[in-house]
Structure formats: C-alpha cells, structure tokens
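J.:
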Amino acid sequence: MFCPVIALSQQRFHVTLSGGLSNYAGDLQDHRFTLQQSNFAFGAGIKYDITPNLALRLAYNHSTIEGDDKKSKDPVLQARNLSFITRINEGSLLVEYTPLNMEDYKISPFIYSGVAVFHFNPYAYDSIGSKIYLKPLSTEGEGLAPDRKPYNLTQFAIPVGIGVKFRINENTILAYEVSARKTFTDYLDDVSTTYFDQTALAQARGPKAVEMSYRGNELKNGNPTYPYNGQVRGGSRYKDWYYFTGFTLYIGIGSGNGNGGPFSRGTRGGRNQLGCPKVL
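Count the sequence shown with this note's numbering and you get residues 455 to 734, in order.
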C-alpha cells in the first residue's frame with residue numbers, strides 16, 4: 455500500500471549542486487557582461503517536479519563580485535580610482551521550464567525565473583591596506599540630506615536564467631546555465647550619483663568617509679582636489695545587476711528515474727530502493 459506513495463514522493467525531488475563564476479554590471483565595470491574580474495560562486499538547493507516539463511527550485515547561492523577603476527579602459531574612470539568588493543548571499547525560489555521531457559531526450563534547453571532575496575555589504579581597502587566597509591561612511595551623503603536616502607543591504611532581485619541540460623544517467627543530469635539578477639538598487643558597488651559636500655561629509659562621518667569617497671588623489675599623477683558638491687560620481691540611470699555562469703548538477707532522490715519520476719512513460723530504472731514495482 456505504501457510503496458506507490460513513497461515512490462511518488464521520492465522521485466519528484468532532486469538535490470542541486472552548482473558551481474561557476476560570478477560578476478556584476480555597474481558603475482565600476484566597463485562591460486555589461488564579461489568574465490573579467492570574475493570570482494568563484496557555488497550553490498545548493500532542491501528541485502521539485504510539478505510535471506515532466508515544469509519544476510520548482512529552491513536554492514542558496516554564495517558568490518563574490520568586485521570592480522576596480524584601475525582595470526577600466528576609460529581614463530576618466532581611472533582618474534576616479536574607486537573600487538569595491540562584496541559577498542552575495544542569496545536565497546531564491548525559481549520556476550523552471552524544460553520543453554523536452556528528459557525521460558525521452560538526453561539533451562534539452564531550459565529557462566527559469568522567479569524571485570530572490572540577497573544580502574550584500576560592499577567594502578574596499580584604503581591606502582594602507584585596511585578593510586573598510588563603505589555603507590556606514592555614506593560616501594555619497596546617503597542619510598545626510600533629504601534627497602540622499604540610505605540603501606538597504608538586504609534586497610529583492612528578479613532572477614532570469616537560460617541553459618542546456620544533459621542526461622548523464624537515470625538519476626543525474628548536468629546543466630550549463632547563464633543567469634542574471636535584476637536588482638532594485640544602484641549601490642552594489644556603493645557608487646550611484648554625485649559627490650557630496652566634503653566639509654559636510656567629514657563632519658557627519660569623519661575624514662575616512664572623505665578619503666573613501668574620492669581616491670583620485672592617491673594616484674601618482676592624480677588630481678589632489680576633492681570634487682565639488684554635485685559633481686558626477688556615478689550613473690544612477692540604470693540599476694546594478696549581478697550574474698552567474700556555470701554548471702548545475704541535478705541528482706534525483708531515490709532510485710527512480712532522474713527527471714520524470716511518476717510522470718515517466720517508460721519502465722526505465724526497474725524497481726526503486728524499497729523493492730516496490732513501478733506504478734503509473
């Protein structure tokens with residue numbers, strides 16, 4: 455009596471393991487999509503098959519993104535001399551669509567989208583190599599003027615991904631995917647709008663805030679003069695993005711087939727781990 459129920463519950467679930475590279479698009483990156491300044495990313499999660507073609511994925515991803523004006527080809531950005539690094543910790547709920555049933559095909563494209571919640575906290579290293587978190591410094595006057603609101607370190611994003619799946623065996627599928635996260639903040643890199651008044655910033659947040667807001671004076675032939683209040687520091691027209699590219703491994707839970715489970719039209723896989731004959 456219980457064998458069909460157990461088989462049904464087991465074969466719809468898959469453990470997912472992923473690894474690859476992460477990067478971002480923003481004010482400290484010349485390209486919208488590039489592997490330059492990439493960092494390693496990894497993740498894990500669970501996938502639940504609703505039908506042979508539609509599934510839900512619950513996942514956690516950890517990555518690091520960064521940007522540095524020194525690596526830009528634009529001399530104006532090089533003269534600004536800003537940089538940042540931040541770790542991204544993300545939880546996401548995704549709806550995944552695979553047009554071809556992987557019980558019948560060994561390869562299929564797939565797409566997914568959903569909602570994500572992520573945490574970031576940008577930092578940089580000062581002229582003597584000390585690690586400095588940037589948000590508390592209000593480098594653009596966030597929180598110091600009515601039109602400069604502080605940004606939140608935990609935010610929502612919209613993930614969008616595309617890839618190709620390859621069946622390895624009955625319970626295992628390997629996928630290559632590229633995915634991007636549309637965020638609703640322009641402060642992943644702590645750069646967005648204009649320079650804030652030097653005197654007001656120093657009085658409110660101290661000299662370190664002024665030092666980390668403008669770093670052109672640290673260059674050998676850099677401009678030692680702090681920019682005037684309202685001079686462009688970043689571009690606020692577009693929000694920041696971050697993205698992943700890499701491989702994801704789907705491992706079916708139980709000895710049933712790797713993707714179709716109770717939806718399978720064939721008899722591949724024989725009996726499950728409990729010795730129960732397949733049904734449906």
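The beta-carbon is built from N, C-alpha and C at its ideal position, and this holds for glycine as well.
Would you mind listing the alpha helix (DSSP H) stretches within the region 625-665 that are 4+ residues and don't spill past its ends, in chain order?
T.: Scanning the region 625-665 for uninterrupted alpha helix (DSSP H) segments of 4 residues or longer gives 652-659, listed from N- to C-terminal end.
J.: What are the start and end residues of each continuous alpha helix (DSSP H) run of 4 or more residues lying completely inside the region 525-563, in chain order?
T.: Fully enclosed alpha helix (DSSP H) runs of 4 or longer: 529-534.
J.: Alpha carbons only, please: which of F698, I565, V645, G545 is nearest the one belonging to F572?
T.: G545
J.: What does DSSP give as the partner residue(s) for F496 in the beta ladder?
T.: Answer by DSSP bridge pairing, in chain order: G473, H516.
J.: Determine the burial state of N625: buried for a count of at least 16 other Cβ atoms within 10 Å of its Cβ, exposed for fewer.
T.: Buried, by the Cβ-count rule.
J.: Note down the Cα distance separating N713 from K636, rounded to an integer number of angstroms.
T.: Note on N713: pLDDT 44, under 50, position unreliable in the model; no value is reported.
J.: Where does N671 fall in DSSP's three states?
T.: helix
J.: What's the C-alpha gap between P563 and Y551?
T.: Each residue's Cα considered, the two are about 9 Å apart.
J.: Once DSSP output is grouped into helix, strand and coil, what is the label at D523?
T.: helix
J.: Classify L508 as helix, strand or coil using the three-state DSSP reduction.
T.: strand
J.: With a 10 Å radius around its C-beta and 16 neighbouring C-beta atoms as the bar for buried, classify T593 as buried or exposed.
T.: By the neighbour-count rule (16 or more Cβ atoms within 10 Å), T593 is buried.
J.: DSSP has F487 in a bridge; who is on the other side?
T.: Its beta-bridge partners do not exist; DSSP assigns none.
J.: Is N623 buried or exposed, if buried means 16 or more other CB atoms sit within 10 Å of its CB?
T.: exposed
J.: Is R466 helix, strand or coil when you go by DSSP?
T.: coil
J.: Would you mind stating whether R466 and D523 have Cβ atoms separated by less than 8 Å?
T.: no
J.: Please work out which residues of its chain come closer than 7 Å, Cβ to Cβ, to G568, disregarding the five sequence neighbours upstream and downstream, and give them in chain order.
T.: S546, L547, L548, V549, P613
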